[in-house]
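Trainee: Provided herewith is a single structure, encoded as structure tokens, for subsequent inquiry.
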Amino acid sequence: MSFTPFDITCYNHLYERFQNIFNDELINEICSQGQLKTYGQDEIIVDIGDEMNHLPLIVTGSLKILTEDKEGKELLLYYLEMGDTCAVTLTLDSHGQKSKIRAITEEHTEVLFLPVTHVDHWMVKYKEWRHFIMETYNYRMNEMLEAIDNLAFHNMEERLLKYLRDKAMVTGDKEIHNTHAQIANDLHSSRVVISRMLAKLEKDGLIEHSRNKVKLLKL
7 MSFTPFDITC YNHLYERFQN IFNDELINEI CSQGQLKTYG QDEIIVDIGD EMNHLPLIVT
67 GSLKILTEDK EGKELLLYYL EMGDTCAVTL TLDSHGQKSK IRAITEEHTE VLFLPVTHVD
127 HWMVKYKEWR HFIMETYNYR MNEMLEAIDN LAFHNMEERL LKYLRDKAMV TGDKEIHNTH
187 AQIANDLHSS RVVISRMLAK LEKDGLIEHS RNKVKLLKL
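By the count of the working numbering, the sequence shown reaches residue 225 at its end, each step adding exactly one.
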């Protein structure tokens, strides 16, 4: 089996992540059909209203997935890490439906975009791909239900602490380099409320925070 330099890089990334899930034939096919793109931090890779003909598969880095209300206010749904794909895009067919989510990089990130037509074909051809897609869909749907439950039943302090812990877990870094306004935007809140809640969490000994950084002291 021979690979071009691009394919070798892609194959090595995917083989490390999926060697116990996918066979070599499927990994090679994913690499040959996918388009690998690299992004810096805080870049939008998919926006609301974009035509969706490809499924994003995270090779390195992480993304946050948000939705938006009628007033344009964002709400964080979940994060994606290496080896993850987006549950919302799994519901799209091959006719170019419009995206209902916004995907933003949390750090330097590589994304492999897979044509939806091939994704459908692999569902039939590869049992392990079918299992991966179904497990991904179920996991992300549970995360979205948790986000709704969190919004409806938890107070802002609990929501904020969960947000910080989730973000630290995804990035592997206890220091979160976001402004109060960025955190407020993710949590569908205001900067003033977030600043007050951060001050309380710091007083309780759970975090240290400054204008553009929050450090978790207890996970």
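By construction, the Cβ of each residue, glycine as well, lies at the ideal position given by its N, Cα and C atoms. Predicted model, so just to flag it, every value in this text is computed and none were measured.
Is T111 buried or exposed, if buried means 16 or more other CB atoms sit within 10 Å of its CB?
Mentor: Buried is the call here.
Trainee: Using CA coordinates, which residue listed in V199, K180, M129 is at the minimum distance from F28?
Mentor: It is M129 whose Cα lies nearest to the Cα of F28.
Trainee: If I follow the unbroken alpha helix (DSSP H) through T73, where does it start and stop?
Mentor: T73 -> not in any alpha helix (DSSP H); beta strand (DSSP E) instead, spanning 69-74.
Trainee: Is it buried or exposed for I107, if we count other Cβ within 10 angstroms and need 16 for buried?
Mentor: With 16 or more other Cβ atoms within 10 Å, it is buried.
Trainee: Just verifying my parser: in three-state terms, what is the DSSP assignment at F119?
Mentor: If DSSP states are grouped into helix, strand and coil, F119 belongs with the strands.
Trainee: To the nearest angstrom, how far is it from the Cα of A174 to the Cα of E31?
Mentor: In a straight line, the C-alpha of A174 is about 35 Å away from that of E31.
Trainee: Are the Cβ atoms of V52 and C92 separated by less than 9 Å?
Mentor: A contact, by the Cβ cut-off of 9 Å.
Trainee: Is the number of C-beta pairs between the stretch 68-85 and the stretch 166-182 that are closer than 8 Å three or more?
Mentor: Short answer: they touch.
Trainee: Measuring straight from C-alpha to C-alpha, what distance separates Q25 and I33?
Mentor: If I take the Cα positions, the gap works out to 9 Å.
Trainee: Could you check which residue in D126, E149, L151, Q39 has the C-alpha nearest to that of I139?
Mentor: For I139, the nearest C-alpha among the options comes from D126.
Trainee: At the level of alpha carbons, what is the spacing between E181 and C37?
Mentor: When rounded, the distance between both Cα atoms is 34 Å.
Trainee: Just curious, the alpha helix (DSSP H) that L204 is in, first and last residue?
Mentor: Start and end: 197-209.
Trainee: Give me the Cα-Cα distance between I213 and L81, rounded to the nearest whole angstrom.
Mentor: So the alpha carbons of these two residues sit roughly 23 Å apart.
Trainee: For the beta strand (DSSP E) containing L170, name the first residue and the last one.
Mentor: Where L170 is concerned, there is no enclosing beta strand (DSSP E), although the alpha helix (DSSP H) it sits in stretches over 162-177.
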